[in-house]
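Residue numbers (my numbering): 692 to 1724.
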């Protein structure tokens, strides 16, 4: 009966029960699914949750369905227990309870009650809570409070861990040393995992004569805790459960007030506010991978920066392991090594996949403990300079080893299996400054080598100048190229030495290592050693991916290059790699990472060996932007004017307030600056002329001496010049201002200065630096603005296209434009301070038009620059999920769609003419209504013999759905695309003389630049060999 009810509801809501994304209690669970253990917990008919079905989006369990006769929805206690278990699991985003007449949406979060029921007669396949609603993320707009990231169990647990340690260290509680407090809380957490998962059960307690941890804490039974830990220490072969640290009995000396803190933590109370929790932690369901956050959570922000140790988020770890193991020939024969394993989330995630593969080969039958131990010993290896981190890794692997085994009680299990848990440390795991140091000769795993996969998130740190490291010694000895002593680069280079000839590496690296100009020499050498297969750049997710503000990351998959007969590595000219640049997406709110096909590029490896610049451009741009940048720079750049023996202008920074490289007794008086005005960065913010109305005097009382004042610095404080601070405005405008009066400024301000006769050229350049064209360059050329820092350097500006009228194809017209724009600046100089900004805003649109004419941009190029500023720029690097959802909810206007179609036709005609083809293009766009969940559009391109190309746009739900049904009936739309229409931007389907593109209705999918890419994809797809013509691009 429940099955029939479920089928009816699924059909009404648009879910496909035959889909690989739908998991049912009545069907065989797929053991290879990355979340197979969690799905089993959710769907087990004899378990503690007993869901009827689970729907996953891109592999992440997202919606949990319960078929109910009224007994669940009317039993508040039972429903609360189910929600609590699902919340602890940290995966499901939404619960749907299906009754014979109503659908009741229930949040997973603890703080929000269930929503109003929806009548069965009111649901529809494109309505609220439908498949389209969930896939598109539109559900968020109705239930915003249900998806607060800060209320997820991982955020709550890690936050409470930090506060618990802090309180245990307070004087009133005995003032534990921080190491002792961390050690004690770790014991508490790990024993909770063992007890809640039944690994330490009733039989174990009876045979070992030990008590339950919560009871022991509640009754302050210090001796009982010590006895429990001692027994666990013996049975688990691990020293992380040692009841002592050194000679000190932590538990025996613990004050009663500290026991109160530990009780509050176990109850999941908010340790910061003291608010009581109705849901305690249930480690039966909290994922094992969360243990990997403990070590990093204890460190604190400053220690994290020094040790470069950051918690790898679970969804990122899963994606990385997916990428690493996708091409595995035999998963059970892998030898996986992490040279900086931290607390083990990557190794733990990989080991769970190996167990899943072993069970899949046994058709879902459980793999015995002895078989699991054999797999663990042969497949998983790690080292880390932190011995504590390796202990956490060992314990995480133990829990994965024991997960879902029957019997669960370790005492009974050992009887049945007659096995002990393996000693991992000293065989598979090595920690400490010698055996755990990746660059030490005493690291036995590096010596051993021959691994099939190097899987790692290494430290991202550049040691200070006065600090030396083992990596320094290794690099000097090996003669290895380096990228500013960045340890991640050293790891990437040495990783090759650990691999077998057919091995692979998969690493999480700082984005700057691949995109920073100063990394070029290292990349050129490294690319001759490693063949890149795929790079996934997460720069746009910087603010959302890591809690502690870690820098932007990339995931890189590669293989060692074979040496040629001359013992050198070579890069074939036709070699390419995949470059993916996912954007901040609504999927992050549901704990998953989405890779839209529109953000995928194919890049020539040799091009990156010469210059890594296009890795930056392709974050938001493509071939159009690369070509425009190269074309505009042909006539000159700022560098041509400020460098070389014939330089016309000078560039530099202002004076340094401090400089550690200059001894204090060598500093000089600031007196030469006292008679000048003093410019602060804020004086430059508002328009092309600085605000000097206050005639601010130099702060001689505050700055009496400075490290140095050279003649070159003093020259920069007078004459015509452009000033701009390091930081651009929030909308990425360089805050350039022209000044020709004596004024000093500090090193946070850059200057471009020239002779008096070039004053108008400098005024013109000031307007240019504040223009939309330069903002467009910022979006497509400056890696740091797209990821880590809102900063524009003098060298960045030096690379921008810029040339004077004598190098213009029409010098007379160019001089006239320069004179006009310089006149605008002079006019503002002579305008009252209160009216300057208003006057600048009036003149600016005219100036923008003149600049586009000066630099010779075509109408189509101007349109793409304009849409980049209006649509792309505001979407870059959002600072919170509310911003992401707001952007995702924006639909393309009818004008935008018409522009897209016009650009598509024009580009297809250009391709046709270039290839000497014939025929005209008929383009029809069928759009679903905007109000439906997950709206999409279909672009139908037909080649015919009409006299001219034509376009038609229809917003008709029935027509769009009919086109999809037609493709499905002809078996031209693969099942995976039928299920995930919202995620198939840029999908190209060929049917006879017609091409179909299926696209979601979001702004980015209907830009002119996307039309250029779509045209290219259509050409590529339709000119393939006939056997491939039906493939989906």
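Ideal placement from N, C-alpha and C gives every residue a C-beta, glycine not left out.
In this structure, 1444 is the residue among 1425, 1444 and 1426 with its C-alpha nearest to the C-alpha of residue 1433. The three-state reading of DSSP puts residue 1271 in strand, counting E and B together.
If you check the CB distance, residue 1249 and residue 1271 do not come in under 7 Å.
For residue 1218, the closest C-alpha among the options 1187, 1243 and 1242 is that of 1187. Relative to residue 795, the option among 801, 785 and 802 whose CA is nearest is 785. By the neighbour-count criterion, in which 16 or more other beta carbons inside 10 Å mark a residue as buried, residue 1141 falls on the exposed side.
Among the bridge pairs identified by DSSP, residue 1028 is matched with 1072 and 1145. The secondary-structure analysis by DSSP pairs residue 1295 across a beta bridge with 1267. Under the three-state reduction of DSSP, residue 807 is assigned to coil, being neither helix nor strand. Here the alpha carbon of residue 1083 sits roughly 11 Å from the alpha carbon of residue 1116. Contact check for residue 947 against residue 911 passes: the beta carbons are separated by less than 7 Å. Sorting 973, 1347, 778 and 829 by C-alpha distance to the C-alpha of residue 881 places 973 at the top.
Excluding its 5 nearest sequence neighbours in each direction, residue 1710 has C-beta neighbours in its own chain below 6 Å: 1602, listed in chain order.
Rounded to the nearest whole angstrom, the CA to CA distance from residue 747 to residue 1437 is 55 Å.
Counting the other CB atoms within 10 Å of its CB gives residue 701 a total of 16 or more, which places it among the buried residues.
Per DSSP, the unbroken beta strand (DSSP E) holding residue 1645 starts and ends at 1641-1646.
Counting only runs of at least 4 residues, the stretch 1376-1411 fully encloses the following alpha helix (DSSP H) elements, listed from N- to C-terminal order: 1402-1406. Look at residue 1523 here: in three-state DSSP terms it is coil, with no helix or strand label. Classified as buried, residue 1378 has 16 or more neighbouring CB atoms from the shown chains inside 10 Å of its CB. Residue 785 sits in a strand when the DSSP states are folded into three classes. Apart from the 5 residues on each side of it in sequence, residue 1594 sits with its Cβ closer than 6 Å to the Cβ of 1699 and 1702 in its chain, given in chain order. Just measuring C-alpha positions, the residue of 1362, 1551, 1398 and 1411 sitting nearest residue 1388 is 1362. Assignment of beta strand (DSSP E) within the stretch 1449-1496, counting only whole runs of 3 or more residues, yields no such run. Approximately 18 Å separates the beta-carbon atoms of residue 978 and residue 1148; this is outside 8 Å, ruling out the contact.
Distance between residue 848 and residue 1570, taken at the CA atoms: about 23 Å.
Cβ atoms of residue 904 and residue 876 stay farther apart than 8 Å, at about 13 Å.
Residue 1434 sits in a strand when the DSSP states are folded into three classes.
Across the set 889, 1689 and 1635, the C-alpha of 1689 shows the shortest separation from the C-alpha of residue 1656. By the 16-neighbour rule on beta-carbons within 10 angstroms, residue 1381 is buried. Residue 1250 is bridged by DSSP to 1222. As computed with DSSP, residue 1685 is found in a beta bridge with 1633 and 1682. For residue 793, the enclosing beta strand (DSSP E) stretches over residues 793-798. Per the Cβ contact rule, the stretch 1130-1139 is not in contact with the stretch 1006-1016 (fewer than 3 Cβ pairs under 8 Å). In the DSSP assignment, residue 1708 falls within the alpha helix (DSSP H) that extends over 1699-1713.
In this structure, DSSP gives residue 1618 an extended state, which the three-state scheme calls strand. Nearest to residue 1705 by alpha-carbon distance, out of 695, 1243, 1679 and 1691, is 1679.
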